[in-house]
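Below: the structure, in structure tokens.
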Amino acid sequence: MTEERKIKAERYERIRNLCFLSDQALLGLFLLLFLYGRKASLGLRLWRWTAELCNSNFWLSTLLFTFLFEAAYVILTLPYEYLKDYRVEMKFGLTNQTAFGWLKDFFKSSALSVALVMAAFLFCYAAMRYFGEWWFIFAAAGWIVLQIVLGMLFPVLILPLFYKSEELKEHPCREELLKLIERAGLKITGLYRLDMSEKTKKANAMLCGLGATRRIMLSDGLLEYLPEEIVAIMAHEIGHYKKRHIWKLAALHTILIFLGLFILSRILLWYCGLCGLELCEAGTLPVFVAVFSIWQLVTMPLTNGFSRRCEYEADLFALENADNLAFASALKRLAEENLAVMEVDRLIEIFLYSHPATGKRVAMAENYKARS
Ligand SMILES: [Zn+2]
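Counting the sequence shown from 1 gives a position; this note's numbering is that position plus 742.
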């Protein structure tokens, strides 16, 4: 990486870290806006108005209130998201999208997440209505089912909303990749080329889907790499499968979600007593979101630490099954294109990084043969 590119990557990193802080601050302010004033808070007034409008029909009022809450957040944060996700990427030369294209994707992803979140909240409040204070057990079970369904649908229904893909029928290293997959005993429906370059300059590879939809996707930018580099990156993805990382990560998240929902259930009971609400009234939604967001923040070092451990194991698998120097050069090329820094402050790595810093990964790859 040239000195100039290095400085640019460091500036980009600083801005991304600041964006993380402003994300939290904005969400905090938004929740405060809804919660401030206890019984006379905006959130409770809006809830009472919604319930009255829907003649206290549980299903309608819950859906409408969650929709208003989510839509308000999407609309209020749109200018910020535009600056963060489009202008910053544009400034650093990382996007190939037009502002209109970005806006289209923003509304598509927001509509999708609002719909999913509405369904999830409706499920939780219905569980509160029918199972009382034990609702969190049903909500955790619902969360597991949702993860499995989303995992299956992601490559066939969600990803196509944003990127085109097609089966990789011809490529210089197709045969070698298929051999590697077979040797690992990995069952997939196919190797796919993901057209990311019309939107971003960043390259990516992933193993996604579950069961009948499981596939390996390589971005078109990545397919321009040297064959041995592509094989090394694929070996890393296969490493995740061989070491059962998807299930291990899912198990960890399930335990944390269960604990988080349990804590939330106690806090909601307290809040309902304080404001004179029934447990199943969606007026508690801002508290629901606040507690859950704090829980996610608190557990981030643990989830990211576990994820970095998995990435380390997948790297090791790649080094054992592919050329170590090709893996090192692929990592450097990815860092260069994605404008990733080589060295990261340890505290920032602990909190925010799902992968070890690139410098560490490259050093491990370059020194691999020397150690074995
Ligand atoms: Zn990985």
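The beta-carbon is built from N, C-alpha and C at its ideal position, and this holds for glycine as well.
Worksheet item: By DSSP, does C1022 sit in helix, in strand, or in coil?
Response: DSSP places C1022 in coil when its eight states are reduced to three.
Discussion item. Between the segment 1063–1076 and the segment 959–975, can you find at least three pairs of beta-carbon atoms closer than 8 Å?
Written reply: By the Cβ criterion, the segment 959–975 is in contact with the segment 1063–1076, since at least three pairs of Cβ atoms, one from each stretch, lie closer than 8 Å.
Worksheet item: Roughly how many whole angstroms lie between the Cα atoms of P1098 and G785?
Response: Roughly 41 Å separates the two Cα atoms.
Worksheet item: Going by the C-beta, is E1053 closer than 7 Å to any heavy atom of ligand 1?
Response: Indeed, a heavy atom of ligand 1 lies less than 7 Å from the Cβ.
Worksheet item: Where does Y934 land, buried or exposed, given buried means 16+ other C-beta within 10 angstroms?
Response: Counting Cβ neighbours within 10 Å, Y934 comes out buried, since at least 16 surround it.
Practice prompt. Could you check if I999 is buried or exposed, using at least 16 other CB atoms within 10 Å of its CB as the buried criterion?
Written response: Per the 10 Å Cβ criterion, buried.
Worksheet item: In whole angstroms, what is the alpha-carbon distance linking N838 and S939?
Response: Cα to Cα, N838 sits roughly 7 Å from S939.
Fill in: Whole-angstrom C-beta distance between L899 and S907, which should lie under 8 Å
The C-beta distance from S907 to L899 rounds to 12 Å, too long to fall under 8 Å, and the pair is not in contact.
Practice prompt. Name the two residues that bound the continuous beta strand (DSSP E) containing K929.
Written response: Careful: K929 lies outside any beta strand (DSSP E) and carries neither H nor E.
Discussion item. Can you find the residues in the same chain that come closer than 6 Å, C-beta to C-beta, to R871, ignoring five residues on each side of it along the sequence?
Written reply: Within the same chain, R871 has close Cβ partners C1022.
Worksheet item: According to DSSP, what are the bridge partners of R935?
Response: R935 is bridged to E908, L960.
Worksheet item: Under three-state DSSP, which class holds L1081?
Response: Coil, per DSSP.
Item to complete: Enumerate in chain order the residues of its own chain whose CB-to-CB distance from N1080 is below 6 Å, with the five nearest sequence positions on each side excluded.
Response: Around N1080: K944.
Worksheet item: Where L888 and P897 are concerned, what is the direct C-alpha to C-alpha distance, given to the nearest angstrom?
Response: L888 and P897 have their C-alpha atoms some 15 Å from each other.
Item to complete: State the Cα-Cα distance for the pair E745 and D1087, rounded to the nearest angstrom.
Response: Near 19 Å, if we compare the C-alpha coordinates of D1087 and E745.
Item to complete: Compute every distance between the C-beta of A869 and the non-hydrogen atoms of ligand 1, then say whether any falls below 7 Å.
Response: Every heavy atom of ligand 1 is 7 Å or more from the Cβ of A869, so no.
Item to complete: Could you have a look at F743 and say whether DSSP puts it in helix, strand or coil?
Response: A small correction: the amino acid at residue 743 is Met; Phe does not occupy that position in the sequence shown. Under the three-state reduction of DSSP, M743 is assigned to coil, being neither helix nor strand.
Discussion item. Report the CB separation of F878 from F1004 in whole angstroms; it is logged as a contact under 8 Å.
Written reply: The pair is a contact, with the Cβ atoms about 5 Å apart (cut-off 8 Å).
Discussion item. Let me make sure I understand the geometry here. Which of G884, I1036, E812 has the alpha-carbon closest to that of S852?
Written reply: If we check each option's Cα against that of S852, E812 comes out closest.
Worksheet item: Can you find a heavy atom of ligand 1 that lies under 7 Å from the Cβ of H978?
Response: Yes, the Cβ of H978 comes within 7 Å of a heavy atom of ligand 1.
Fill in: Per-residue DSSP class, three states only, for L968
Coil at L968, not helix or strand.
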